[in-house]
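In what follows, a single structure is set out as structure tokens and then discussed.
Take a look at the structure:
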């Protein structure tokens, strides 16, 4: 015999389940027992996966709580939540957490990586933007011009059939990317204004470098790659903001040029622009002003000092970070282009910056430095457990496990 529960009993049960979600400083505390329920019950949830011992997580905590409070005061539907990933290891693994803090935004249960800055106002603004439709629909030429003028990077999809797969792909890319505004336009007046004779067609407009770039690829991943690459200027000055854009790009190779603005080194930027044009989509070019105090840590990462400027390195990111040091003092456009091409062709040996190997390596624990890392770690005759104390790249740190 099956017993049916009265509606009031079911409602009380649901209220009881909801009450199991506790708050700390306006932030929901999630575990494997309530995570899925909270994500399903709320249209927008930003989740922080953290470790109690992580210094970056501790620094983020007050900003994160302040953002949660601001959203609550605005009456927003957006919820901020957190998961102690050292306790909820299964949840962390399920959601691909590899470092702390990791922030993921769930919209209609679909996660995307958080791509904003980590102060309270930036978190609020990013979440509010992501809670809105990712694609705008434009019906007039004036509206189209205004959309392009108001955006740093505007991606226009000239797509006639609003039920087509092309639009679905377009919306997926818009959902995932933070640094561009997306819109769909399909009226005949707009198509004529922008010289569109065949649809679907996607065009990117930007207020730097060349103004218009037409997309010629065919797939979702190619479109995403296209927008990410075109969102990066030919040459960028290194800063907290630009680093996120440049190093968040799918392009893994970068020229990092060190110069001093006070020493009138800016002529090198013009040369770098010409080099960048030759290798667009293959590498990004970024310059570091050595006069900026916060940039000293970048110099240290490359084993350089202010007195070494002007100079440059090529860095390749990935599972392993590889650096290339120019083997010539020719910093002309042709000289730098020649070295870059040889590096891309694998004709330049990586530059290995390393401390000397410690003389006493007889203990149970060995100290690894650049010069002996591969010899020890890649020795197939032995199992090696390596403790990495810090992941450091161009002055940006992330706790890893």
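Residue numbers (mature numbering (1 follows the signal peptide of the UniProt record, and there is no 0)): -19 to -1, 1 to 382. Positions of the beta carbon are idealized from the N, C-alpha and C atoms, including for glycine. Predicted model only: the values in this text are computed from it and were never measured.
Chain-order list of residues whose beta-carbon lies under 7 angstroms from that of residue i (same chain, five-residue window excluded)
{"i": "residue 255", "result": "314"}
{"i": "residue 160", "result": "134, 212 and 226"}
{"i": "residue 357", "result": "347, 349 and 365"}
{"i": "residue 46", "result": "6, 7 and 8"}
{"i": "residue 377", "result": "Low per-residue confidence applies at residue 377: pLDDT is 45, beneath 50, and the placement is therefore not dependable enough to give any value."}
{"i": "residue 257", "result": "215, 216 and 266"}
{"i": "residue 198", "result": "204 and 207"}
Short Cβ contact (8 angstroms threshold) for residue i with residue j
{"i": "residue 60", "j": "residue 26", "result": "yes"}
{"i": "residue 44", "j": "residue 112", "result": "no"}
{"i": "residue 279", "j": "residue 240", "result": "no"}
{"i": "residue 213", "j": "residue 136", "result": "no"}
{"i": "residue 64", "j": "residue 52", "result": "no"}
{"i": "residue 217", "j": "residue 210", "result": "no"}
{"i": "residue 307", "j": "residue 249", "result": "no"}
{"i": "residue 139", "j": "residue 177", "result": "yes"}
{"i": "residue 119", "j": "residue 186", "result": "no"}
{"i": "residue 304", "j": "residue 331", "result": "yes"}
{"i": "residue 264", "j": "residue 235", "result": "yes"}
{"i": "residue 184", "j": "residue 195", "result": "yes"}
{"i": "residue 299", "j": "residue 309", "result": "no"}
{"i": "residue 24", "j": "residue 89", "result": "yes"}
{"i": "residue 164", "j": "residue 116", "result": "yes"}
{"i": "residue 295", "j": "residue 321", "result": "yes"}
{"i": "residue 110", "j": "residue 41", "result": "no"}
For residue i, the three-state DSSP class (helix, strand or coil)
{"i": "residue 270", "result": "strand"}
{"i": "residue 75", "result": "helix"}
{"i": "residue 130", "result": "helix"}
{"i": "residue 278", "result": "helix"}
{"i": "residue 135", "result": "strand"}
{"i": "residue 5", "result": "strand"}
{"i": "residue 365", "result": "coil"}
{"i": "residue 43", "result": "helix"}
{"i": "residue 91", "result": "strand"}
{"i": "residue 346", "result": "coil"}
{"i": "residue 68", "result": "coil"}
{"i": "residue 254", "result": "helix"}
{"i": "residue 223", "result": "helix"}
{"i": "residue 240", "result": "strand"}
{"i": "residue 86", "result": "strand"}
{"i": "residue 245", "result": "coil"}
{"i": "residue 283", "result": "coil"}
{"i": "residue 260", "result": "coil"}
{"i": "residue 203", "result": "helix"}
{"i": "residue 176", "result": "coil"}
{"i": "residue 101", "result": "helix"}
{"i": "residue 288", "result": "helix"}
{"i": "residue 155", "result": "helix"}
{"i": "residue 149", "result": "helix"}
{"i": "residue 161", "result": "coil"}
{"i": "residue 113", "result": "coil"}
{"i": "residue 198", "result": "coil"}
{"i": "residue 96", "result": "coil"}
{"i": "residue 325", "result": "helix"}
{"i": "residue 15", "result": "coil"}
{"i": "residue 20", "result": "helix"}
Per DSSP, cross-strand counterpart(s) of residue i
{"i": "residue 193", "result": "186"}
{"i": "residue 235", "result": "265 and 296"}
{"i": "residue 119", "result": "166"}
{"i": "residue 217", "result": "267"}
{"i": "residue 63", "result": "10 and 29"}
{"i": "residue 305", "result": "295"}
{"i": "residue 332", "result": "304"}
Residues of its chain near residue i, where Cβ-Cβ distance is below 8 angstroms and the 5 sequence neighbours each way are ignored
{"i": "residue 85", "result": "27, 28, 30, 76, 92, 93, 94 and 95"}
{"i": "residue 201", "result": "150, 153 and 154"}
{"i": "residue 19", "result": "2, 9, 11, 26, 60 and 62"}
{"i": "residue 243", "result": "272"}
{"i": "residue 192", "result": "186"}
Contact with chain B by residue i, beta-carbon distance below 8 angstroms
{"i": "residue 358", "result": "Note that chain B does not occur in the displayed structure, where there is just one protein chain."}
Neighbourhood of residue i by C-beta distance below 6 angstroms, restricted to the same chain and skipping five residues each side
{"i": "residue 219", "result": "267 and 269"}
{"i": "residue 394", "result": "Beyond the ends of the chain as shown, which are -19 and 382, falls residue 394; an answer cannot be given."}
{"i": "residue 132", "result": "162"}
{"i": "residue 108", "result": "27 and 59"}
{"i": "residue 81", "result": "31, 32, 35, 38 and 380"}
{"i": "residue 259", "result": "318"}
{"i": "residue 231", "result": "206 and 209"}
{"i": "residue 49", "result": "7, 8 and 61"}
{"i": "residue 175", "result": "none"}
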